[in-house]
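What follows is the structure, encoded as structure tokens:
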């Protein structure tokens, strides 16, 4: 046989150099293991501390299920006609690469009609209908199938969504133009705002930049008139502390938390906001 | 020889390659080894000849073009809205067909513990695809981090040659430990922990959706590989490589070694990301006249490019018989 035999290890009492190197390598390997594991578990900190609560796209599972099932591919980002969906960065730890919506800069206005992001999701993180064994918090399910105003006259006017992503709330009533009895004229968010939305009267299928659609209103009701969901918000009469009759935007149960009201609110910062993952009555 | 597959898995998991027993050598191999022993080779002349005959990175070019086309197809599909390959490397649709990265799918399944049909279909498609083309072929032909690491490796090798730095190796078995630990962490925590630090997902998403802070982690990894340990992530950490390695165990596409052509000067081991798979090229080791390189091989073709005597080549099992 031709197998070459190595010379026997010299037994001269000196520490065997190869053995020593092997021991060092073993130690290094353990340190490497601990370091990588340590770094990867750091990702738990932002998740556990609830660092910057994010609103997830429509049809999202409850947060912990959402984070465990999302494969971080961004297919939802790609199909959104108004590009409302963005992916989080590594400061969100385990949430890196996971989609969210920042309503103030670009809300989901359901201009895709069929909730494309849910259709695109390959892992069931975004679903039309949750599997029965998955938890749902009370107030997240909407009472009736939501009616999309844009297709109210279609044979099937409802949006295929069972749960809300959040709930709108008039956070700063004093700043609200309607409450102050003021009108609004011009571009809702100014000339530099890049957000887009679909206006049925302009184009049924194509969202346009918000700045290309100025308004002229005697009493500001932008949040009510642009709300895509039927019966989700209305102006209700109230009497303010000085005894004046005023109108105030009032959110109703059908609200899905899409965030269009937050995006379009012309005051800075928005008088009406969406509380992410908040249920009705919660 | 079922033994062969077991040996290839064992080496992939981190064990040192086993020397064949005298009884395992075929007569043909014995004869070749015998003549090689009596042969007096002029190694300097061989080296000169080697450099003359080396194909100048034929497979490297093919591979880099493929890798860049795959990754830029993702980017173009989104930016130009051509919708050919939508998504990222973790999960995508190719002309509408679901494709899901095996390791990402595994992490999601273990963390979420609920598998929907699309996830299953996408994973199955990708499994068959990489089974056909070689398992870890994914690493060298599709992974964008591999591309970065490969170039960092050149810098590392240069610095070692200049004696500016020295290379530090780890025990290869640590990758197997990582694979198990990341699987356990997914099951226990319910989060896809590995995906958080996976440079593959990070780089792929950065190419498609734009750069972010996460690239800082990738830069740290590359610096570690340049200045401390050659190809550390791919060699010692990445569970994706091991997942695809398992797929490649029974793959028909592999690099094959012809003992008779080999001059044993070892150029191939110097360029290899996983040199333990090339243990058979050491003089006297190969138990058969021709043998297949193990599952951990990424089928990158660098060894084929540098081999001056054509001892290594790509082979599709059974194809020769058909043709």
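Residue numbers (the working numbering), protein chains in the order written: chain A, 3 to 284; chain B, 8 to 330.
Backbone N, C-alpha and C define an ideal beta-carbon position, used for all residues, glycine too.
Owing to the predicted nature of the structure, the values given are computational and were not obtained by experimental measurement.
Excluding the 5 residues flanking it on each side, residue 236/B has same chain C-beta neighbours closer than 6 Å at 175, in chain order. Residues of the segment 124-158 of chain B with a Cβ closer than 7 Å to any Cβ of chain A, in chain order: 125, 126 and 129. Each residue's CA atom was taken as its position, placing residue 106/A and residue 261/A some 7 Å apart. Residue burial is scored here from C-beta neighbours: residue 87/B has fewer than 16 other C-beta atoms within 10 angstroms and is therefore classed as exposed. The C-beta separation of residue 96/A from residue 46/A comes to about 6 Å, placing the pair in contact by the 8 Å criterion.
With a contact defined as Cβ atoms closer than 8 Å, residue 91/A and residue 219/B qualify at about 4 Å. Taking a beta-carbon distance threshold of 7 Å, residue 101/B does not count as an interface residue toward chain A. Along the segment 194-216 of chain B, the positions whose C-beta sits under 8 Å from a C-beta of chain A are 196, 197, 198, 199, 200, 201, 202, 203, 204, 208, 209, 212, 215 and 216, read in chain order. In chain order, 77 and 80 make up the part of chain A whose C-beta sits under 7 Å from the C-beta of residue 93/B. Taking the beta carbon of residue 38/A as reference, the chain B residues within 8 Å of it are 185, 204 and 244, listed in sequence order. Within a 10 Å sphere around the beta-carbon of residue 207/A sit fewer than 16 other beta-carbons, which makes this residue exposed.
At least one beta carbon of chain B lies nearer than 7 Å to the beta carbon of residue 126/A. At a beta-carbon threshold of 8 Å, the residues of chain B lying near residue 43/A are 192 and 200, ordered along the chain. Apart from sequence neighbours up to five positions away, the residues of its chain that approach residue 125/B with a beta-carbon distance below 6 Å are 105, ordered along the chain. Interface annotation, residue 89/A: in contact with chain B, CB-CB separation under 7 Å. Note on geometry: alpha-carbon atoms of residue 109/B and residue 246/B lie some 10 Å from one another. Note on geometry: alpha-carbon atoms of residue 128/A and residue 166/A lie some 12 Å from one another.
In the DSSP assignment, residue 297/B falls within the beta strand (DSSP E) that extends over 297-299.
Runs of beta strand (DSSP E) with 3 or more residues, each lying fully within the segment 258-294 of chain B, are found at 260-265, listed in chain order.
Rounded to whole angstroms, the Cβ separation of residue 84/A and residue 111/A is 6 Å, and the two are in contact under 8 Å. If you draw a straight line from the Cα of residue 299/B to the Cα of residue 293/B, it comes to about 10 Å. Contact check between the segment 202-210 of chain B and the segment 149-158 of chain B: three or more CB pairs, one atom from each, fall below 8 Å, which counts as touching. About 11 Å separates the CB atoms of residue 279/B and residue 147/B; that is not less than 8 Å, and the two are not in contact. Membership of residue 252/A in the beta strand (DSSP E) is indicated by the continuous run 247-253. Residue ranges of uninterrupted alpha helix (DSSP H) with 4 or more members, entirely inside the segment 185-251 of chain A and ordered along the chain, are 224-228.
A direct Cα-Cα distance of roughly 7 Å separates residue 226/A from residue 237/A.
Contact of residue 96/A with chain B is assigned, a C-beta pair being separated by under 7 Å. Taking a beta-carbon distance threshold of 7 Å, residue 179/A does not count as an interface residue toward chain B. Only exposed fits residue 223/B, as fewer than 16 other CB atoms lie within 10 angstroms of its CB. Residues 25 of the same chain have their beta carbon placed closer than 8 Å to that of residue 17/B, with the five preceding and five following residues left out of the count. Among the residues of chain A, those whose CB is under 8 Å from the CB of residue 220/B are 91, 92 and 93, following chain order.
Looking at the DSSP output, residue 276/A bridges to 170/A. Under the 7 Å criterion on CB atoms, residue 121/A is classed as non-interfacial with respect to chain B. Looking only at 43/A, 103/A and 179/A, the smallest Cα-Cα distance to residue 197/A is reached by 103/A.
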